[in-house]
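**Q**
There are 2 protein chains.
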Amino acid sequence: MKSVGRHLILELWECRELNSPDVVEQALREATEACKANLLDLKVHTFSPQGVTGVAVVSESHILIHTWPELNYAAVDVFTCGDRAEPAAVVPVLQKHFGPQRIQVMEIRRGLVSE
Amino acid sequence: MKSVGRHLILELWECRELNSPDVVEQALREATEACKANLLDLKVHTFSPQGVTGVAVVSESHILIHTWPELNYAAVDVFTCGDRAEPAAVVPVLQKHFGPQRIQVMEIRRGLVSE
Numbered sequence: 001m002k003s004v005g006r007h008l009i010l011e012l013w014e015c016r017e018l019n020s021p022d023v024v025e026q027a028l029r030e031a032t033e034a035c036k037a038n039l040l041d042l043k044v045h046t047f048s049p050q051g052v053t054g055v056a057v058v059s060e061s062h063i064l065i066h067t068w069p070e071l072n073y074a075a076v077d078v079f080t081c082g083d084r085a086e087p088a089a090v091v092p093v094l095q096k097h098f099g100p101q102r103i104q105v106m107e108i109r110r111g112l113v114s115e
Numbered sequence: 001m002k003s004v005g006r007h008l009i010l011e012l013w014e015c016r017e018l019n020s021p022d023v024v025e026q027a028l029r030e031a032t033e034a035c036k037a038n039l040l041d042l043k044v045h046t047f048s049p050q051g052v053t054g055v056a057v058v059s060e061s062h063i064l065i066h067t068w069p070e071l072n073y074a075a076v077d078v079f080t081c082g083d084r085a086e087p088a089a090v091v092p093v094l095q096k097h098f099g100p101q102r103i104q105v106m107e108i109r110r111g112l113v114s115e
């Protein structure tokens with residue numbers, strides 16, 4: 001089976017630095033680089049009283065981080081199409097910036113077609 | 001089990017209008033409204049020779065559309081947190097704008113914790 005892209009769904013628990021837009025932005029920049037994606041646009045939104053959403057649109061699709069500091073939880077999505085990008089390479093970047101004690105990962109192959 | 005949010009992964013096949021940034025933008029606006037989300041930012045990127053990516057950042061998380069006109073395929077993600085938003089309400093909007101002959105849907109509950 002051939003697919004258009006790979007989509008990693010990452011659940012990060014017991015994290016730190018979840019309320020810093022700067023950390024989220026830096027993590028997105030390094031994650032983009034780590035998985036060899038080409039950054040087109042990056043935006044970070046902060047929420048009141050807490051929480052950050054960061055979106056990196058890349059040529060290969062997207063990398064997204066949503067944080068819930070009150071739960072020490074972050075939801076991360078890495079969707080890359082093509083053969084060059086390596087979505088799993090974002091994991092060490094997320095570990096470095098958010099220090100999760102636990103990560104759950106699911107990989108979904110998007111646009112799956114029989115050859 | 002309680003979750004932070006619901007994430008719908010939608011695979012749309014045999015679609016039309018996949019190369020129009022205007023249609024993608026309009027679909028995102030109506031999808032946001034349909035699922036009762038609050039739009040914070042909307043951006044549409046076009047690719048050469050074809051393909052469109054549209055990102056709607058909403059208070060409740062995100063709605064994303066990536067299109068591959070050459071495959072008549074679109075990958076759509078709708079991630080909403082909170083009780084008010086109804087992610088499944090985007091389906092009629094997607095049907096109206098892209099006319100998929102086939103839709104595959106998966107729902108992932110994000111940030112799942114035992115009560």
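Just so you know, the sequences run in chain order A and S. Following the numbering used here, the numbering of the first sequence begins with 1 at its first residue and continues without gaps. Following the numbering used here, the numbering of the second sequence begins with 1 at its first residue and continues without gaps. Ideal Cβ positions, reconstructed from N, Cα and C, are used throughout, including at glycine. The model shown is predicted, which means the values in this text are computed figures rather than measured ones.
Tell me the rounded alpha-carbon separation between C81 of chain S and E107 of chain S.
**A** One C-alpha to the other measures close to 13 Å.
**Q** Short of 8 Å Cβ to Cβ, which residues in the segment 15-43 of chain S face chain A?
**A** Those residues of the segment 15-43 of chain S that come within reach of chain A (Cβ to Cβ, closer than 8 Å) are L40, D41 and K43.
**Q** Between which two residues does the alpha helix (DSSP H) harbouring R29 of chain A extend?
**A** Unbroken alpha helix (DSSP H) run through R29 of chain A: P21 to A34.
**Q** For the pair the segment 28-38 of chain S and the segment 59-70 of chain S, tell me if three or more CB-CB distances fall below 8 Å.
**A** Cβ pair count under 8 Å is three or more, so yes.
**Q** Contact criterion: CB-CB distance below 9 Å. Does I71 of chain S meet it with respect to chain A?
**A** The sequence shown places Leu at residue 71 of chain S, not Ile. Yes, L71 of chain S lies at the interface with chain A (some Cβ there is under 9 Å from its Cβ).
**Q** Along chain S, in chain order, which residues have C-beta atoms closer than 9 Å to that of E11 of chain A?
**A** R110, G111 and L112, listed in chain order.
**Q** Look at F98 of chain A and A27 of chain A and say whether their C-beta atoms are less than 9 Å apart.
**A** Contact: yes.
**Q** For the alpha helix (DSSP H) that K96 of chain A lies in, which residues bound it at each end?
**A** Run containing K96 of chain A: V91 to F98, per the alpha helix (DSSP H) assignment.
**Q** Could you check if E11 of chain S is buried or exposed, using at least 16 other CB atoms within 10 Å of its CB as the buried criterion?
**A** So E11 of chain S ends up on the buried side.
**Q** So that I know if they touch, is there some Cβ in chain A lying closer than 9 Å to that of K85 of chain S?
**A** Per the sequence shown, residue 85 of chain S should be read as Ala rather than Lys. So no, A85 of chain S is outside the interface.
**Q** Under 9 Å Cβ-Cβ, which residues of chain A neighbour S61 of chain S?
**A** Going along chain A in sequence order, the residues near S61 of chain S (Cβ under 9 Å) are T53, L64, H66 and A75.
**Q** Please classify V93 of chain A: is it buried, with 16 or more other beta-carbons within 10 angstroms of its beta-carbon, or exposed?
**A** Answer is buried; the Cβ neighbour count reaches 16.
**Q** What is the C-beta distance between R110 of chain A and H7 of chain A, in whole angstroms, given that I count them as a contact (C-beta under 8 Å)?
**A** Going by Cβ atoms, the distance from R110 of chain A to H7 of chain A rounds to 5 Å, so yes, they are a contact pair.
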